[in-house]
Amino acid sequence: MIWQTPSKTPASAQTVLTARILETVPRLCAHATLASQFRVAEAASGVAAYLTDPAVASDAPIDTTRMCALLAAALEANGDNVLACRIRSFGDAVVYAGQWHAAPGQPVWILNVGRLIGPGESGMEILFFERLRLTLESFGDVWDGPQGRGILGLRDLRGAVRRLVGARARNNRLTTMADTIQQFCADRLEIMRTRRAWLGTPLVMCLHS
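If you want it as structure tokens, here you go:
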């Protein structure tokens, strides 16, 4: 008798993809307990059902960025804006772990502020600062372990400033906006220090590369 491996049914494919999402996204987002949250598991199952639906499924591999974007959208639709922001930020590499050789052993997290400004959003300062606040709020727990010790590096700060105030703005206007963004981040981290009972506050640094 010749045995043949049965093809996966849509239901089993959905289960496999759900498991993959719940394994991949928490690791990417540096959030070990993410998969245990019911609303996340429910959203992941919904995303997997959509991606394995014969009407939209394809043979192309499903990349992590797309998984994160769909999971974030599903959570956002249910009002989980902070968690959705966390997943979207890490999935799009807006936020990621870094290193600073001058401070070995200190946790370093990079925030690409330039990527918080979308197409057609130049000059929208209120929108930018609200998005910056939400992004910082979404991953503050990464400093819980080291009790607030570490560094927040701001990448593409100059690019963000030019898009906010205009490339032709005077140098003092550009400098003022850059200082304002750095101070805003420092102030939000200080609020988190009090709320999360850290012993210290992460140092905010501007990265020029």
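Going by my numbering, the sequence shown opens with residue 3, and the numbers climb by one from there.
A virtual CB, placed ideally from N, CA and C, is assigned to each residue, including glycine.
None of the values given here were measured: they were computed from a predicted structure.
Short of 8 angstroms from the beta carbon of Phe130, and not among the five residues preceding or following it, lie these beta carbons of its own chain, in chain order: Leu118, Ile119, Glu123, Ala162 and Leu166.
Distance from Ala76 to Ala57 at the Cβ level is roughly 18 angstroms; contact not present, criterion being Cβ atoms closer than 8 angstroms.
In this structure, the CA atom of His210 is about 13 angstroms from the CA atom of Trp102.
Non-local beta-carbon contacts of Gln149 in its own chain, meaning distances under 8 angstroms to residues more than five positions away in sequence, involve Trp200, Leu201 and Gly202 in chain order. The stretch 82–99 makes contact with the stretch 24–41; the number of CB pairs closer than 8 angstroms reaches 3 or more. For Ile112, the enclosing beta strand (DSSP E) has its first and last residue at Val110 to Asn114. DSSP places Leu201 in the coil class of the three-state scheme, outside both helix and strand.
Look at the stretch 148–206 and you find these whole runs of beta strand (DSSP E), each 3 residues long or longer: 153–157. Under DSSP, Gly100 shares a beta bridge with Val110. Excluding sequence positions up to five before and after Arg151, its CB lies within less than 6 angstroms of the CB of Gly202, all in the same chain and listed in chain order. Residue range Thr66 to Ala79 is occupied by the alpha helix (DSSP H) that includes Cys70. According to the DSSP secondary-structure assignment, Cys208 is paired through a beta bridge with Leu156.
Restricting attention to Ile153, Leu24 and Val84, the CA atom closest to the CA of Leu191 is found in Ile153.
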